[in-house]
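Student: Take a look at this one; I'll ask things after.
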Amino acid sequence: GAGVSQTPSNKVTEKGKYVELRCDPISGHTALYWYRQSLGQGPEFLIYFQGTGAADDSGLPNDRFFAVRPEGSVSTLKIQRTERGDSAVYLCASSPWGSANEQFFGPGTRLTVL
Amino acid sequence: GENVEQHPSTLSVQEGDSAVIKCTYSDSASNYFPWYKQELGKGPQLIIDIRSNVGEKKDQRIAVTLNKTAKHFSLHITETQPEDSAVYFCAASEGSQGNLIFGKGTKLSVKP
Numbered sequence: 015g016a017g018v019s020q021t022p023s024n025k026v027t028e029k030g031k032y033v034e035l036r037c038d039p040i041s042g043h044t045a046l047y048w049y050r051q052s053l054g055q056g057p058e059f060l061i062y063f064q065g066t067g068a069a070d071d072s073g074l075p076n077d078r079f080f081a082v083r084p085e086g087s088v089s090t091l092k093i094q095r096t097e098r099g100d101s102a103v104y105l106c107a108s109s110p111w112g113s114a115n116e117q118f119f120g121p122g123t124r125l126t127v128l
Numbered sequence: 009g010e011n012v013e014q015h016p017s018t019l020s021v022q023e024g025d026s027a028v029i030k031c032t033y034s035d036s037a038s039n040y041f042p043w044y045k046q047e048l049g050k051g052p053q054l055i056i057d058i059r060s061n062v063g064e065k066k067d068q069r070i071a072v073t074l075n076k077t078a079k080h081f082s083l084h085i086t087e088t089q090p091e092d093s094a095v096y097f098c099a100a101s102e103g104s105q106g107n108l109i110f111g112k113g114t115k116l117s118v119k120p
């Protein structure tokens with residue numbers, strides 16, 4: 015079946031602009047995670063959804079970052095007033111129900127802030 | 009919070025040899041430990057995982073061991089092939105929600 019998909023695959027923006035990154039999880043997966051991966055590092059947790067609600071947003075670096083999942087499937091990560099330090103690969107993963115279960119990652123969106 | 013350390017950062021082996029990557033974790037409450045393989049330009053791919061009620065798990069050429077007392081777990085790849093070349097990440101699941109804490113990765117190179 016189809017895996018996790020993310021769009022766009024690449025996004026180049028200017029400092030101060032607003033961006034939206036989209037994640038389509040595996041059908042039927044109730045848990046959805048966003049991670050951020052900087053060059054040469056492991057992914058770092060940003061936010062976790064169980065259904066429509068953000069169950070844990072403790073990884074969001076500041077209030078410029080926000081994510082939604084209004085219908086419990088597709089999620090959008092939103093970044094306001096982008097900064098050069100936001101440049102990274104943003105990864106989305108989904109899981110059948112979360113806790114201690116396999117997470118399947120999408121290919122990521124490479125965000126470059128000029 | 010949880011902290012995961014991974015060693016070595018780079019590993020070069022000859023085709024056919026074995027490769028071992030080791031990780032330690034800090035939070036004794038962590039109960040799920042997956043391993044991911046990441047190729048250049050791609051997302052991490054789950055290759056094997058282990059839960060805290062099991063000491064060892066094997067899947068063909070790949071095995072993972074877990075020592076809960078010492079809080080470390082290891083990935084073993086036997087009969088390595090050039091296509092095993094990639095960056096490998098270990099992770100630990102913190103808390104009941106399942107968000108993963110990753111190690112910094114090991115770049116494995118398998119020379120033909």
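Protein chains in written order, with our numbering: chain A, 15 to 128; chain B, 9 to 120.
Cβ coordinates follow ideal geometry from the N, Cα and C atoms, glycine included.
1. Should B:Q89 and B:V62 be called a contact, given that it needs their Cβ atoms to be closer than 8 angstroms?
2. Just how far apart, CA to CA, sit A:G67 and A:S109?
3. How would you write the range of the beta strand (DSSP E) that B:Y44 sits in, first residue to last?
4. Starting from A:G67, trace the beta strand (DSSP E) both ways and give me its first and last residue.
5. Alpha carbon to alpha carbon, how far is B:H15 from A:S19? Give it in angstroms, no decimals.
6. By the three-class DSSP mapping on this structure, what secondary structure does A:D77 have?
7. Using DSSP with H/G/I as helix, E/B as strand and the rest coil, what is B:E91?
8. Below 8 angstroms between beta carbons is the criterion; list the residues of the stretch 55 to 84 of chain A that meet it against any residue of chain B, in chain order.
9. Establish whether the CB of A:N24 and some CB of chain B are separated by less than 8 angstroms.
10. Against chain B, with Cβ distances strictly below 8 angstroms, would A:L53 count as a contact?
11. Can you check DSSP and say which residues form a bridge with A:D38?
12. Tell me the residue span of the beta strand (DSSP E) that contains A:V103.
13. Just to confirm my understanding: we take A:G73, look at its own chain, exclude 5 residues before and 5 after, and list those with CB closer than 7 angstroms. What are they?
14. Return the CA-CA distance between B:Y33 and A:S101, expressed in angstroms with no decimal places.
15. Could you name the residues of chain A that B:P16 contacts, counting a contact when the two beta carbons are closer than 9 angstroms?
16. Measure the C-alpha to C-alpha separation of B:T18 and B:T73 and round it to an integer number of angstroms.
17. Does the stretch 88 to 99 of chain A come within contact of the stretch 77 to 97 of chain B, defined as at least 3 CB pairs closer than 8 angstroms?
18. DSSP on B:R59, reduced to helix/strand/coil?
19. The beta strand (DSSP E) spanning B:N11 covers which residue range?
20. Examine chain B for any beta-carbon lying closer than 8 angstroms to the beta-carbon of A:P7, and answer yes or no.
21. Which residues share a DSSP beta bridge with B:D67?
22. B:D67: buried (16+ other C-beta within 10 angstroms of its C-beta) or exposed?
Tutor: Reading from the atomic positions:
1. no
2. 15 angstroms
3. Y40 to Q46
4. G67 to D70
5. 31 angstroms
6. coil
7. helix
8. Q55, G56, P57, E58, F59, Y62, Q64, A69, D70 and G73
9. no
10. no
11. A:S19
12. A102 to S109
13. E58, F59, L60 and I61
14. 28 angstroms
15. Correct list: empty, because the minimum Cβ distance to chain A is about 14 angstroms.
16. 20 angstroms
17. no
18. strand
19. No beta strand (DSSP E) contains B:N11, which DSSP labels as neither H nor E.
20. This structure gives no information on residue 7 of chain A, because the portion of chain A shown stretches from 15 to 128.
21. B:I70
22. exposed
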